[in-house]
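Undergrad: I am attaching a structure below and will ask some questions about it afterwards.
There are 2 protein chains.
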Amino acid sequence: MADHVSTVMAQWEQERPDLDVTPQAVIGRLHRLALRLTDELVAVYAQHGLGEGEFDVLATLRRQGAPYALTPKELGEQTMVSSGAVTKRVDRCLAQGWVSRGRRDEDGRGRRIALTESGRELIDAAFTDHIANEHRLLAVFTAAERRSLARLLEKWAEQTGA
Amino acid sequence: MADHVSTVMAQWEQERPDLDVTPQAVIGRLHRLALRLTDELVAVYAQHGLGEGEFDVLATLRRQGAPYALTPKELGEQTMVSSGAVTKRVDRCLAQGWVSRGRRDEDGRGRRIALTESGRELIDAAFTDHIANEHRLLAVFTAAERRSLARLLEKWAEQTGA
DNA sequence: GGAATATATCTGACGTGGAAGATATTATCC
DNA sequence: GGATAATATCTTCCACGTCAGATATATTCC
Numbered sequence: 001m002a003d004h005v006s007t008v009m010a011q012w013e014q015e016r017p018d019l020d021v022t023p024q025a026v027i028g029r030l031h032r033l034a035l036r037l038t039d040e041l042v043a044v045y046a047q048h049g050l051g052e053g054e055f056d057v058l059a060t061l062r063r064q065g066a067p068y069a070l071t072p073k074e075l076g077e078q079t080m081v082s083s084g085a086v087t088k089r090v091d092r093c094l095a096q097g098w099v100s101r102g103r104r105d106e107d108g109r110g111r112r113i114a115l116t117e118s119g120r121e122l123i124d125a126a127f128t129d130h131i132a133n134e135h136r137l138l139a140v141f142t143a144a145e146r147r148s149l150a151r152l153l154e155k156w157a158e159q160t161g162a
Numbered sequence: 001m002a003d004h005v006s007t008v009m010a011q012w013e014q015e016r017p018d019l020d021v022t023p024q025a026v027i028g029r030l031h032r033l034a035l036r037l038t039d040e041l042v043a044v045y046a047q048h049g050l051g052e053g054e055f056d057v058l059a060t061l062r063r064q065g066a067p068y069a070l071t072p073k074e075l076g077e078q079t080m081v082s083s084g085a086v087t088k089r090v091d092r093c094l095a096q097g098w099v100s101r102g103r104r105d106e107d108g109r110g111r112r113i114a115l116t117e118s119g120r121e122l123i124d125a126a127f128t129d130h131i132a133n134e135h136r137l138l139a140v141f142t143a144a145e146r147r148s149l150a151r152l153l154e155k156w157a158e159q160t161g162a
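Protein sequences, first through last, are from chains A and L. Its first residue numbered 1, the first sequence is counted upward by one per residue in UniProt numbering. Its first residue numbered 1, the second sequence is counted upward by one per residue in UniProt numbering.
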């Protein structure tokens, strides 16, 4: 019945009775859960020959709508990775022919990363499976629990500066 | 008012009306939140000269109680990293004199990683700050909300095989 | 007891991301 | 319009983790 985090908390209460470790019930669980969920999600990306970074790039471009294009800066902001990571992720997608890297018209500094036709087909198939996978992972919950969880996470994210 | 995840979901509803992307309200938010929280936690580890891996090792040993020792295998199981990662994390702690690596008596294959006195002092100080930090991060919530969130995460973790 | 197998740990190659600085282009100010 | 600053992107180096295989020791079965 006791999950890992409960065990850990009991150990701390024994060893450091001066501290109130109840936050671990939320933060510890959240982190372990995020790790496990990532594994589950990555497994589906891999079925389509995609790593997490590539999936992230293609999905971000895809959801912008036609013509499925963003600058590297916008890509980095939306995916929360550094500019260096964006360059490398785009390089990998480029090598597979999933995106093109063009010059932005107005501003010579800017680039324009756009989905190719094959990239769009790939991400449409992968994303369909991805969403099915997420439904599967959430199947434990009732609709009310899901709403409750979503609301709590949203509130937290807002405050942290989501 | 609209957080990033809400925006993303609205984009997908527009682009892929055939899919029900509501799971993102939970899974997307959980992942972004985990990333942000990690940054906040790591900042405190760094104040004590610790990386995430080192903190993880020292804290895991510390909460076992005296004599603060585990085998590499046990360390890896509790911290959810590969055996290779355990070796390297322990190497780094060893280089700083925070742990010792001895031979386990009964089994010549086994090792015994134990906190040194300086390691114990360091993790006690760092963990005190860490818990204060977690309290700060959870300050947005009422006690009831915290319990509710903890319960939902626990339920989820249980099913995934926490 | 010796061969085959299992277990525990370590090693090395590799992949990915971050941080800081390099480069290219544009904007601003006199 | 030329110097200076700002912006966008890329490059380089490094930290850290995984994975597959290497090594050392233990166990099992004949």
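Ideal placement from N, C-alpha and C gives every residue a C-beta, glycine not left out.
(1) Leaving out five residues on either side along the sequence, give the residues of the same chain with a beta carbon under 7 Å from the beta carbon of L/Leu138.
(2) Under 8 Å, with one C-beta from each stretch per pair, do the region 33 to 40 of chain L and the region 7 to 25 of chain L reach the 3-pair mark?
(3) Have a look at the DSSP bridge pairing and note the partners of L/Arg101.
(4) I'd like to know if the region 90 to 102 of chain L and the region 51 to 64 of chain L are in contact, where contact means that at least 3 CB-CB pairs between them fall below 8 Å.
(5) With DSSP as the reference, label A/Leu122 as helix, strand or coil.
(6) Name the chain L residues whose beta carbon is nearer than 8 Å to that of A/Arg92?
(7) In this structure, does DSSP put A/Ala139 in helix, strand or coil?
(8) For A/Trp98, return the contacting residues in chain L, with the cut-off set at a CB-CB distance below 9 Å.
(9) If you drop the 5 nearest sequence neighbours on each side, which residues of the same chain put their C-beta closer than 6 Å to that of A/Gly76?
(10) List the whole-angstrom C-beta distance separating L/Arg63 from A/Trp12, where the pair is believed to meet the contact cut-off of C-beta under 8 Å.
(11) With 7 Å as the limit, tell me which residues of the region 28 to 57 of chain A have their beta carbon closer than that to any beta carbon of chain L; keep them in chain order.
(12) Just mark L/Met9 as buried or exposed, buried being the case when its beta carbon has 16 or more other beta carbons within 10 Å.
(13) So which of L/Gly51, L/Lys155, L/Ser148 has the shortest CA-CA distance to A/Leu153?
(14) Closer than 7 Å, CB to CB, is residue 167 of chain A near chain L or not?
(15) What are the residues that DSSP puts in a beta bridge with L/Ala69?
(16) Return the CA-CA distance between A/Thr79 and A/Lys73, expressed in angstroms with no decimal places.
(17) Please tell me whether L/Val81 has its Cβ less than 7 Å away from any Cβ of chain A.
TA: To lay it out plainly:
(1) Here the set comprises Arg146.
(2) No: fewer than three Cβ pairs fall under 8 Å.
(3) Beta-bridge partners of L/Arg101 (DSSP): L/Ile113.
(4) In short, these stretches touch, since the Cβ pair count reaches three.
(5) In the structure shown, A/Leu122 sits in a helix (DSSP, three-state: H, G or I).
(6) Residues of chain L passing the Cβ test: none, with the nearest at roughly 21 Å.
(7) Look at A/Ala139 here: in three-state DSSP terms it is coil, with no helix or strand label.
(8) Neighbours of A/Trp98 on chain L: none; closest Cβ ~17 Å, over 9 Å.
(9) The answer, listed in chain order, is Ser83, Val86.
(10) At roughly 5 Å, the Cβ-Cβ gap stays under 8 Å, so L/Arg63 and A/Trp12 are in contact.
(11) For the region 28 to 57 of chain A, which is checked against every Cβ of chain L, the residues closer than 7 Å are Arg29, Leu30, His31, Arg32, Leu33, Ala34, Leu35, Arg36, Leu37.
(12) Classification for L/Met9: buried.
(13) Selected option, being the one with the closest Cα: L/Ser148.
(14) The question about residue 167 of chain A has no answer, for chain A in this structure spans 1 to 162.
(15) Bridge partners of L/Ala69: L/Ala114.
(16) It is roughly 10 Å from the alpha-carbon of A/Thr79 to the alpha-carbon of A/Lys73.
(17) With respect to chain A, the C-beta atom of L/Val81 has no partner C-beta closer than 7 Å.
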